[in-house]
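The block underneath contains the structure these notes are about, expressed in structure tokens.
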Amino acid sequence: DNYNERVREPNGFALPNPPRDSRSFRTHDGKAHFIPHDLPDVNIPEDNYVMMTIRSHDQYNTTIYDLHDRYRGIHGNRRIVLMNASDMIDRGWKNRHLVDIISHYNGQDRRSNSWQLVAYDIPRGNIATYFPEANVLIPLDSTAVKSNTPTSKWIICSLINAERNHSEEE
């Protein structure tokens with residue numbers, strides 16, 4: 001109601017949200033209902049990581065407007081692997097070290113070369129890469145059960161030293 005007036009108010013306005021505003025829920029008993037799901041029992045092989053793809057600040061879906069990700073303080077490069085600092089230390093790697101990423105799914109490997117490591121506050125055993133640059137690593141036949149979307153948030157990968165060293169790329 002009165003959207004055109006309310007949208008011009010300083011600081012905008014919040015849309016109604018009954019659970020937030022009045023702790024009311026539109027259920028038969030007026031309470032929130034939660035449905036727990038069992039977590040899958042996964043076994044990640046040693047020296048493998050779970051890769052997720054992420055978007056940067058200046059990106060909408062696959063359209064990239066700039067090479068600066070102000071959310072994460074990364075500028076000028078999108079072939080980045082965000083990795084837990086302790087995982088990097090375990091491998092003897094430092095920031096800017098170049099690696100190749102190999103994804104593993106159903107006996108097939110996919111490889112993408114020359115990615116730069118960046119230490120980041122991410123759980124151990126996980127890595128993050130930018131979408132769509134990492135799409136080559138996503139198996140087409142690995143999809144979510146109901147939505148049939150690619151499983152780009154859960155890809156088993158290994159990292160190896162890049163075939164070409166950092167000085168060759170600069």
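Counting in the numbering used here, the sequence shown runs from 1 upward without gaps.
Just so you know, even glycine gets a beta-carbon here, dropped at the ideal spot from N, CA and C.
Output the distance between the C-alpha atoms of residue i and residue j, rounded to the nearest integer angstrom.
i, j, result
"Cys173", "Ala134", "Summary: the structure shown does not reach residue 173, with the chain confined to residues 1 through 170, and so no result is reported for it."
"Arg79", "Asn126", "16 Å"
"His166", "Pro36", "Legend: pLDDT at His166 = 48, less than 50; position of this residue unreliable, no value from coordinates given."
"Pro19", "Ser147", "27 Å"
"Ala14", "Thr63", "29 Å"
"Glu9", "Gln116", "45 Å"
"Asn4", "Pro16", "16 Å"
"Thr27", "Ser114", "52 Å"
"Ile89", "Arg124", "11 Å"
"Thr149", "Asn61", "14 Å"
Identify whether residue i lies in helix, strand or coil by the three-state DSSP scheme.
i, result
"Gln59", "strand"
"Val99", "strand"
"Ser114", "strand"
"Leu82", "strand"
"Asn126", "strand"
"Ala150", "The question names Ala, but residue 150 in the sequence shown is Pro. In this structure, Pro150 counts as strand in the three-state DSSP scheme."
"Asn106", "coil"
"Leu15", "coil"
From what residue to what residue does the alpha helix (DSSP H) around residue i run?
i, result
"Ile89", "85-91"
"Tyr246", "Here the chain comprises residues numbered 1 to 170, so residue 246 is not present and cannot be evaluated."
"Glu244", "Residue 244 falls outside the range modelled here, since the chain spans only 1 to 170, and no answer is possible."
For residue i, which of the options has the nearest alpha-carbon?
i, options, result
"Pro40", "Ala162, Trp154, Ile160", "Trp154"
"Ser56", "His75, Tyr49, Asp38", "His75"
"Glu46", "Asp21, Glu163, Arg91", "Arg91"
"Leu159", "Gly30, Asn77, Val7, His104", "His104"
"Arg96", "Gly107, Asn106, Asp1, Met83", "Met83"
Go to residue i, then tell me how far its beta strand (DSSP E) extends in each direction, as first and last residue.
i, result
"Asn195", "Only positions 1 to 170 of the chain appear in the structure, and residue 195 is not among them; the question remains open."
| request: Go through the segment 21-76 residue by residue and report every complete run of the beta strand (DSSP E) that reaches 3 residues or more, in order. | output: 48-54
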